[in-house]
Structure formats: structure tokens, C-alpha cells
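Participant:
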Ligand SMILES: NC(=O)c1ccc[n+]([C@@H]2O[C@H](COP(=O)([O-])OP(=O)(O)OC[C@H]3O[C@@H](n4cnc5c(N)ncnc54)[C@H](O)[C@@H]3O)[C@@H](O)[C@H]2O)c1
């Protein structure tokens, strides 16, 4: 797909999804990609080491909630903005919710204000299926009510609503995309799948919340990014698009698959107390995005095998995170019932 935008600003480009998106954009004939990232615990410049020397790539170390963002954008105005930056981990949101509202709500609004001032042609807000809350039957469509069940999803819902209000009030060309649970290479190793893989690779038990029957709709990271870029190019301003592969699996099924791929025994899984307010099931209908020509390419079993291979081959990447004091302290706080990492 060619790009009709010359200069694209991506926020959160040093994180998991953002780094794949930056790489995908640079594979196109764009003139410039600017990455604004605060480099929180989840932001890692090593995720972009392969493209760091591309003269079209520019990195700005800044918080999206920082008012100095305006001057940065004024100096070198992008014609499109993709807002990927967010605090993203539900467990962290339960432990420390304030930063979620700051980044996911206020940061989004600061970016919207910048976009309005410089007059961007396009703004895409990257959001999540979690804003619909737990879905007991069927699948959420873009018109389903928002019923976020934790401070992460509530903050993301706040960001979405601000975006849609800027489309309605100021005519800003904003679209919102809501992605399903995403997995793949470069995902920070405290999230469910990479935590399981890296624990199994280091002989540690793998925590499983509650009965493990929570259902999630798994989306490979490159399918997610292709969906975001479809919304950038073909989405209608003011509209929302679900990005889902419609591949629901229970958490315990995902773990069983990982055990098989890593030749680990069932005893490696440890049931731990469930997360408070844990949503049972997420499910979305993605027909609206499919109608724009997007479709997911990666079956979840294939994607999981490839992800395991990537973590096997990139132990330096995740060991340097897991061996850091911050990760070890986080792990001890989150899983006091498991052996500490160090
Ligand atoms: N991972 C998933 O399963 C998933 C699913 C659906 C939607 N999403 C959404 O996709 C986006 C990216 O998720 P991810 O999993 O790649 O996240 P991540 O946690 O791996 O990365 C987040 C990135 O944002 C940066 N960041 C955080 N706060 C910032 C701030 N205030 N200013 C500037 N940069 C900041 C971090 O440094 C990091 O580089 C988020 O908006 C998330 O809500 C994620």
C-alpha cells in the first residue's frame, strides 16, 4: 500500500506495537516518520535498532502530556498523527491508576490540541477492545456501549471519547481503531504471553489468573499494524473501527500451546489469585474494517510458534529487561506467591 502522507508522527513508537508500526511505515515511500516517546519502562530504543540510522526517522524524547509538544509539532508539522502511546498494562493500572488518566486521557487531549493547531490532515487513535468491557455473548460492534471495567480501559475510553468529540466539534479528521489482544515479537516481557514464554525459557513457573478460562481474541502484531494503516488511509473521520482476528482462545488454552511449543510440563503452570474485576471475555466484530480491504493473515497457532522462536533467538533483548532491578521488583510485587526472579 502506498502512503498519501509524507510526514507521519507516531507516538509511543519505542513500545511493542509502535515499533512495528514505525518499521512498517518506513517500508513505504514516506518522507519522514517522527516518533515521540517518553521512554517509560515499556519504551525501548532497542526495538528500533535496525531502522535508527534511516535518515527519514526522527526520535523526540517527550511525554505526550507535556505542553512543549506544541512547539515540537509547530517546528516540523506532520500531516498525519497516529497516537499509539499509552500506559497499557491492566495490572499496573490496578496498582497505580493515576498515570493512566494522565497519559491516556490528558496526553491524548494534548495531542488533539496540537493536531488542531497545526491542522493535521489525519489523526488515528489506537485504542483497545477493552473499552467495551466484558462481552458475555456475541461480539462488540463499533456501536456497542462502552463499559470499561478497570482504570486502564476506562482511561482508554476517555481518550476515545475526546477524539470523537474533536471530530464532531472541530471537524478534526480523527478515526479511532480498537485492537484486540495483541502478541508477537518485542512485547514487553511482563505481559501474559511473553511472560509465559520467558518464564518457561528460564525454568520459572508461569502464573495463571483464577480458573484460566478468560477468553481473549488474539491478534498478531503485524495484522494489528496493517489494520491501523488501513484506518489511516481509508477510514472515515469520526468513525470507529474494530481490529480483530476473531480467534478467541481461553488463557489456559494459550498456555497449553506454549507448554507444548517449549516442551514444558503442565506443572509449570501455577494458578494465582485472580485479578480484581477481571473481564471474562473480549470479542469484537471486525466486518467494518474488513469492508475496507483489511483481513488478518496470521492464524494464532502459527503466530504463537513464531513468537516463541523469536523469544528463543532474542534472549539478550528480554534478559536485559528481566534482569533489571525495576522488573525484578515489579515481579516480586505482582507475584509474591512465586519464587523471586533474583
Ligand atoms: N498490546 C495489546 O494487546 C493492545 C491491544 C489493543 C490496543 N493496544 C493499544 O496499543 C497501544 C500500544 O500498546 P503496546 O502494547 O505497544 O504498549 P507498550 O506498553 O508496549 O508501549 C507503550 C509505548 O508508549 C510510550 N509511552 C507511554 N506513556 C507515554 C507518554 N506519556 N508520552 C509518550 N510516550 C509514552 C512508552 O514509552 C512505550 O514506548 C496502546 O495505545 C494500547 O492501548 C494494545
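Numbering (my numbering), first residue to last: 0 to 341.
Here a beta-carbon is modelled for each residue, glycine too, at the ideal position from N, C-alpha and C.
#1: Evaluate contact between the region 172-189 and the region 233-243, counting only Cβ atoms and requiring at least three cross-stretch pairs below 8 Å.
#2: Extract the residue ranges of the alpha helix (DSSP H) inside the region 247-314, only unbroken runs of 4 or more that lie entirely within it.
#3: Taking one C-beta from the region 204-219 and one from the region 150-167 each time, how about it: are there three or more such pairs within less than 8 Å?
#4: CB of residue 70 to nearest heavy atom of ligand 1: below 7 Å?
#5: So if DSSP puts residue 182 in a beta bridge, which residue, or which two residues, is it bridged to?
#6: Helix, strand or coil for residue 82 per DSSP?
#7: Given that a residue counts as buried once 16 or more other Cβ atoms are within 10 Å of its Cβ, and exposed if not, what is residue 283?
#8: Please go through the region 125-182 and give each complete alpha helix (DSSP H) segment of 4 or more residues, from N-terminal end onward.
#9: Using CA atoms only, rank isn't needed, just tell me which of 71, 108 and 101 is closest to residue 122.
#10: Is residue 187 helix, strand or coil when you go by DSSP?
#11: Is any heavy atom in ligand 1 found nearer than 7 Å to the beta carbon of residue 39?
#12: Rank 276, 102, 258 and 300 by C-alpha distance to the C-alpha of residue 219 and give the top, closest one.
#13: Alpha carbon to alpha carbon, what distance is there between residue 264 and residue 104?
#14: Whose C-beta lies closer than 6 Å to the C-beta of residue 270 among residues of the same chain, with five residues either side of it excluded?
#15: Less than 6 Å between C-beta atoms, sequence neighbours within five positions excluded: which residues of the same chain meet that for residue 84?
#16: Once DSSP output is grouped into helix, strand and coil, what is the label at residue 241?
#17: What span of residues does the alpha helix (DSSP H) with residue 353 cover, start to end?
#18: Give me whichever residues DSSP pairs with residue 9 in a beta bridge.
#19: So the candidates are 272, 211, 325 and 289; which of them puts its Cα closest to the Cα of residue 254?
#20: I want to know whether the region 188-205 touches the region 132-148 - three or more CB-CB distances under 8 Å.
#21: Evaluate residue 26 with the Cβ neighbour count: other Cβ atoms within 10 Å of its Cβ, from every protein chain shown; 16 or more gives buried, anything less gives exposed.
#22: When every heavy atom of ligand 1 is checked, does at least one fall within less than 7 Å of the C-beta of residue 62?
#23: Does at least one heavy atom of ligand 1 sit under 7 Å from the Cβ of residue 187?
#24: Where does residue 329 sit, in a helix, a strand or coil, going by DSSP?
#25: Are the Cβ atoms of residue 21 and residue 80 separated by less than 8 Å?
#26: Sorry if obvious, but does the Cβ on residue 35 come closer than 7 Å to a heavy atom of ligand 1?
#27: How would you label residue 24, buried or exposed, when you count the other beta carbons within 10 angstroms and need 16 or more for buried?
#28: Let me check you understand the geometry: is the CB of residue 143 closer than 7 Å to at least one non-hydrogen atom of ligand 1?
#29: If we count the other Cβ atoms within 10 Å of its Cβ and call it buried at 16 or more, is residue 178 buried or exposed?
#30: Could you pull the DSSP bridge partners for residue 214 from this structure?
Facilitator: The answer reads as follows:
#1: yes
#2: 250-260, 286-289 and 299-312
#3: no
#4: no
#5: 219
#6: strand
#7: buried
#8: 150-169
#9: 108
#10: coil
#11: yes
#12: 300
#13: 43 Å
#14: 207
#15: 10, 11 and 63
#16: strand
#17: Because the chain spans 0 through 341 in this model, residue 353 falls outside it and cannot be assessed.
#18: 34 and 81
#19: 211
#20: no
#21: exposed
#22: yes
#23: yes
#24: helix
#25: no
#26: yes
#27: buried
#28: no
#29: buried
#30: 249 and 280
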